[in-house]
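Down below is the structure, laid out as structure tokens.
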Amino acid sequence: MTTQTLPPLEVYQGQFGEFTITQSDRTGVMIYRAGLMVAAVSFAIGSALILFNNNPTVVTALTPLYACFSLALGVSLFTIHIYIASLHRMLQIFWALGSMASVILAISSTQPLALTVYNQPLTLFGVGFIFVALTGIYFKEAFCFNRLETKVLTLIVPLLLLGHLVGILPTQGESVLLGIWATLFLVFALRKTVQAIPADIGDKSVFTYLKEQRLAKI
């Protein structure tokens, strides 16, 4: 009886030494991308319901779509590779704060969550933290991979949310920005599916070096 041996892992040269990419690393990237795809599709469906359906009852369908979007985004935030640990943790905290605010509003309000947030812009000081975390992902992807869609998204998201918060955007302008956001989010998620997996893992020697530096300070 012969035993089958696995092929040796490819060795990469990083900034602070050599490293290998394991199957666990690859699985983490696939989960990150799957989370982005689910979030993007949920957001796109919700946006389409708002932009192309005149039936006011559709707002009730937005809450479960938003919940799906938020949960998928949380999965991506816990599997994304970011060199600066404090920044990574901050984005996760923002997501948690926004999620808790959303749950509280959904339970306490007599209106569907989407209507509550739209009619009471100050609620964005709570719910908006989720979109701050999402913008953090866009910024990270724009910085690391120079993607046009994430550069545009990094600008559009705060423009739309802050514009609605202070009431300076006309309804038509908000609709246009929402449509662009939903479209580019889908483009971003789709392009991630064909990107080489090691690119999303990054230079593991940097993670090792930064971890050693933190332990040395302790």
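Here the sequence shown stands for residues 12 to 229, where the numbers follow the numbering used here.
For each residue, glycine too, the CB sits at the ideal point set by N, CA and C.
The alpha-carbon of LEU73 is positioned some 7 angstroms away from that of ALA125. Taken in chain order, the complete alpha helix (DSSP H) segments of 4 residues or longer contained in the region 97-130 are 124-130. CA-CA distance, GLY46 to LEU145, rounds to 12 angstroms. The continuous alpha helix (DSSP H) containing THR182 extends over residues 182-204. In the structure shown, the three-state DSSP call for GLN24 is strand. The residue among THR194, TYR129, ILE93 and GLN206 with its C-alpha nearest the C-alpha of PHE154 is ILE93.
Listed in chain order, the alpha helix (DSSP H) elements of length 4 or more contained wholly in the region 53-90 are 70-90. For the options GLY213, PHE63 and PRO132, the alpha carbon positioned closest to that of GLN24 is the one of GLY213. Counting of Cβ neighbours within 10 angstroms places ARG44 among the buried residues, the total reaching 16 or more. Closest in C-alpha terms to ASP36, from the list ARG158, GLU223, ALA210 and GLN224, comes ALA210. Inter-segment contact for the region 49-57 and the region 77-88 is present: three or more beta-carbon pairs are separated by less than 8 angstroms. THR219 carries a helical assignment under DSSP once its states are collapsed to helix, strand and coil. Taking C-beta atoms as the reference points, PHE199 and ARG158 count as a pair closer than 8 angstroms.
DSSP places THR33 in the coil class of the three-state scheme, outside both helix and strand.
A direct Cα-to-Cα measurement between LEU197 and GLU29 gives close to 35 angstroms. Taking a contact as a CB-CB distance under 8 angstroms, the pair THR121 and VAL128 does not count as one, their CB atoms being some 14 angstroms apart. MET101 is the residue among ALA207, ILE56 and MET101 whose C-alpha sits nearest the C-alpha of PHE140. If you draw a straight line from the Cα of PHE150 to the Cα of LYS162, it is about 7 angstroms long.
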